[in-house]
Amino acid sequence: MPEERKISPAILIGAGLAIGTVAAIGIYALAKATPPPGLSELYGVVTDAETGSPLPWVTVSLNGATDLTNTIGEYWFYKGLNPGVVYTITFEKEGYEILTGSVVLVEGGNEQNVSLVPTVS
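Position one of the sequence shown corresponds to residue 1 (the UniProt record's numbering), numbered consecutively onward.
Here it is in structure tokens:
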């Protein structure tokens, strides 16, 4: 009779987490499909200006609509954005200077990566 081999619970959990992460990345990639013709989307990554590290939970406002960056500093606006329109975008996080600017979107994807400067305490 062949010897029975047991798999460590840690290996099963690790494999499950890896599969879940790959699935989540795949879903995120599918979700960021190109917008319909005649429309725009705006996305990017917010980082710390001193360390270059991604900043999670930054409040990003675009003409009144808001989003929070995810755990790796990404944000994404994709509904009802029109090319050629001037949008005001603001990035806010406690412990950092507020960053506000204007952006004119082109049709399709528009990437806007920014770095926030830590405030001096």
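Ideal Cβ positions, reconstructed from N, Cα and C, are used throughout, including at glycine.
As the structure is a computational prediction, the values presented were derived from the model and not from experiment.
Would you decide whether Asn113 is buried or exposed? Buried here means 16 or more other CB atoms lie within 10 Å of its CB.
exposed
6 Å CB neighbourhood of Gly109 in its chain, flanking five on each side removed
Glu41
Run through DSSP, which three-state label would Ala49 get?
Judged by DSSP in its simplified three-state form, Ala49 adopts coil rather than helix or strand.
Going by DSSP, what residue range makes up the beta strand (DSSP E) through Ile89?
Going by DSSP, Ile89 is part of the beta strand (DSSP E) stretching over 86-92.
Taking the Cβ atom as the reference point for each residue, do Gly73 and Thr47 lie within a distance shorter than 9 Å?
yes
For the ligand GDP, any of its heavy atoms closer than 8 Å to the Cβ of Gly64?
As presented, the structure is devoid of all ligands, the ligand GDP included, so that no description of it is given.
Between the Cα of Val104 and the Cα atoms of Pro35, Gly95, Thr71, Thr88, which residue gives the shortest distance?
Nearest of Pro35, Gly95, Thr71, Thr88 to Val104, Cα basis: Thr88.
Since Gly80 is in the beta strand (DSSP E), which residue starts that stretch and which ends it?
Per DSSP, Gly80 belongs to the beta strand (DSSP E) from 74-81.
Range covered by the beta strand (DSSP E) that runs through Val117
Unbroken run through Val117: none, as it is neither H nor E.
Report the three-state DSSP secondary structure of Glu41 (helix, strand or coil).
strand
Are Glu92 and Val117 closer than 9 Å when you measure CB to CB?
no
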